[in-house]
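K.L.:
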Ligand code: IDP
Ligand code: MG
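Here you go:
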């Protein structure tokens, strides 16, 4: 089922470096509607749960440490073809390979500290949105 929704996090490096406003402006100017949003922080435990799919990868420990290193902004976004459209807006995982003008090309520091998360499928968008938001927090 296509829901036209995706899930994002503005990651600790982008929050720390003062990019929340610019990134949210880019997201809304690109036609995404904000369905839910919160400023929060992951613990090592909750970061590990969120990224459990990557637990066998060599960078898992680094990823958990980084994602729990400071506050994040989590949000559910809505637009036609949201998952694919948002992945295009954020650019490649490695910012040196991200298209010019994408959020990662503009704001990411490294392949680990890459400024922003975007769900990779409708199924994961639903799982990830549910991880952060209850029914009462969505509009
Ligand atoms: P994605 O965020 O573009 O979907 P994934 O492969 O799903 O990329 O990886 C999840 C996150 O793990 C990345 O966004 C990045 O923060 C981190 N990551 C990915 N590859 C590496 C790596 O080679 N070294 C360190 N961290 C990485
Ligand atoms: Mg991914």
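Numbering (our numbering), first residue to last: 1198 to 1336. Beta carbons: idealized from backbone N, C-alpha and C, even for Gly. In this text the structure is predicted, and so the values were computed from the model without any measurement.
Looking at the secondary structure, which residues open and close the alpha helix (DSSP H) in which residue 1301 lies?
P.N.:
Start and end: 1300-1304.
K.L.:
Any heavy atom of ligand 1 closer than 7 angstroms to the beta-carbon of residue 1260?
P.N.:
Residue 1260: yes, Cβ under 7 angstroms from ligand 1.
K.L.:
Report whether the distance from the Cβ of residue 1291 to the nearest heavy atom of ligand 2 is below 7 angstroms.
P.N.:
Not under cutoff, so the answer is no.
K.L.:
Give the DSSP-derived three-state secondary structure of residue 1239 in the structure shown.
P.N.:
The answer is coil: DSSP assigns residue 1239 none of H, G, I, E or B.
K.L.:
Ends of the beta strand (DSSP E) at residue 1296?
P.N.:
Unbroken run through residue 1296: none, as it is neither H nor E.
K.L.:
Can you list the beta strand (DSSP E) stretches of 3 or more residues lying completely in the region 1198-1255, in chain order?
P.N.:
Correct list: 1202-1207, 1230-1237.
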